[in-house]
Amino acid sequence: MYSFRNDYSEGAHPRVLQALIDTNLEQTCGYGLDPRCQTAADLIRRLCRAPDADIHFLVGGTQANLVTVDALLQSYEAVIAASTGHVSVHETGAIEATGHKVCTVDTPDGKLTPALVESVLAGHNGSEHMVSPRLVYVSDTTEIGTIYTKAELTALRCCCDAHGLYLFLDGARLGSALTAEGNGLSLPDLAALTDVFYLGGTKNGALFGEALVINGAVPRSHFRWHMKQRGAILAKGRLLGLQFQALLTDGLYFELARHANQLALRLRDGIAALGYPFPVESSTNQQFPVLPNSVVEHLEAKGYAFEIDRPVDDSHTCIRLVTSWATPEAAVEAFLKDLASCQ
Numbered sequence: 005m006y007s008f009r010n011d012y013s014e015g016a017h018p019r020v021l022q023a024l025i026d027t028n029l030e031q032t033c034g035y036g037l038d039p040r041c042q043t044a045a046d047l048i049r050r051l052c053r054a055p056d057a058d059i060h061f062l063v064g065g066t067q068a069n070l071v072t073v074d075a076l077l078q079s080y081e082a083v084i085a086a087s088t089g090h091v092s093v094h095e096t097g098a099i100e101a102t103g104h105k106v107c108t109v110d111t112p113d114g115k116l117t118p119a120l121v122e123s124v125l126a127g128h129n130g131s132e133h134m135v136s137p138r139l140v141y142v143s144d145t146t147e148i149g150t151i152y153t154k155a156e157l158t159a160l161r162c163c164c165d166a167h168g169l170y171l172f173l174d175g176a177r178l179g180s181a182l183t184a185e186g187n188g189l190s191l192p193d194l195a196a197l198t199d200v201f202y203l204g205g206t207k208n209g210a211l212f213g214e215a216l217v218i219n220g221a222v223p224r225s226h227f228r229w230h231m232k233q234r235g236a237i238l239a240k241g242r243l244l245g246l247q248f249q250a251l252l253t254d255g256l257y258f259e260l261a262r263h264a265n266q267l268a269l270r271l272r273d274g275i276a277a278l279g280y281p282f283p284v285e286s287s288t289n290q291q292f293p294v295l296p297n298s299v300v301e302h303l304e305a306k307g308y309a310f311e312i313d314r315p316v317d318d319s320h321t322c323i324r325l326v327t328s329w330a331t332p333e334a335a336v337e338a339f340l341k342d343l344a345s346c347q
């Protein structure tokens, strides 16, 4: 009946598509050096209050992650990430394929803390026989739907400064994080507290695209060389810039994310009211209820699609429900009605 499998099943928001149609026959230079990309980059700098930031447009999140890591690190340097992090478990070893080890640490809520970072550092004693951790990778939202507070990200920034580490924030679902219930971070905060972060478009109304913001004291003079070497410079780069221009004009980017969050919270509250638990509290567009296996099978038989996160025990499963900018309210209400019919 409806797919809650992910937030990128649909194409693009109509305003994004219309912008592409209206400019379809424009002739511009390629490789992201066109006026559309420049306009979008200037818009991002203004929103971030970071006039000196370098802005690069890439097609997808995995591509943005591996290019950034490879551009910033020496061959013997490594990444610190949560064991649930996207670079740890959902990128087919893309980071490792560049020659950089990902050092993972378990965390109950998907978030890194200074203590967890320092626990990894303690296990690497500076010997030339081991990799040298240099970059801390976090995501907002995390893979389990949680968000960082301003205090938490500030603490990580201080930890990174104390140990000479870069701080890189994966923003594939940044729109959801910044419009979430209880969020205290802003784009200017992210520009000030991280060395590199990106605004995800693929999961928030674009056909594809991530906008990378480099604002820290990191190697950046040859970043486009790294992009090209990794196949990350799109010949028709204006298509990326144009989409972000449409999304970031008049607050559309945040409006779409807010819609997804609101419907996710309706799911969360409706499921909780029926007595089903959640292993972690999420105020974003990913929700992880634990349901009896018989209920999961009933919902699948009704035509609902979702990801199986993990089995909890022999008779219960944690599933992942994801809402998007395009999720209709009627789909959420129908799901809750069908879920209630299982009781």
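In this note's numbering, the protein residues as written are 5 to 347.
In this text, a Cβ means the ideal position worked out from N, Cα and C, and glycines have one as well.
Could you have a look at residue i and say whether DSSP puts it in helix, strand or coil?
i	result
Arg234	coil
Leu169	coil
Ile2	In the structure displayed, the chain extends from 5 to 347; residue 2 sits before or after that span and is not available.
Ser7	strand
His320	strand
Cys52	helix
Cys107	strand
Ser136	strand
Pro281	coil
Pro332	coil
Ile218	strand
Ile25	helix
Gln291	strand
Asp144	coil
Gly97	coil
Pro2	Past the boundaries of the shown model lies residue 2; the chain is included only from 5 to 347, so the question cannot be answered.
Tyr257	helix
Sorted by chain position, which residues of the same chain lie with C-beta nearer than 7 Å to residue i's C-beta, five sequence neighbours on each side aside?
i	result
Leu246	Ala23, Leu24, Thr27 and Arg40
Leu76	Leu139, Tyr170, Val222 and Pro223
Ile312	Thr321 and Ile323
Ala57	Arg49, Ala195, Val217, Ile218 and Asn219
Using 10 angstroms around the beta-carbon of residue i, count the other beta-carbons present and answer buried if the total reaches 16, otherwise exposed.
i	result
Gly34	exposed
Cys322	buried
His226	exposed
Arg53	exposed
Gly186	exposed
Thr150	buried
Beta-carbon within less than 6 Å of residue i's beta-carbon, same chain only, minus the 5 sequence neighbours each way: which residues are those?
i	result
Asn10	Val326
Ile237	Tyr35 and Met231
Compare the beta carbon distance of residue i and residue j with 8 Å and say whether it is the shorter of the two.
i	j	result
Leu350	Gly36	Because the chain here runs from 5 to 347, residue 350 falls outside it and cannot be looked at.
Thr331	Thr145	no
Phe172	Asp193	no
Thr32	Arg242	yes
Under 8 Å Cβ to Cβ from residue i, same chain only, skipping five residues before and after it: list those, please.
i	result
Leu255	Looking at the sequence provided, one finds Gly at residue 255 rather than Leu. Contacts found: none.
Report yes or no: do the segment 199-206 and the segment 97-110 share at least 3 C-beta pairs separated by less than 8 Å?
no
Should the segment 268-281 be called in touch with the segment 51-70, which here means at least 3 C-beta pairs below 8 Å?
no
Three-pair Cβ contact test at 8 Å for the segment 298-305 versus the segment 152-170:
no
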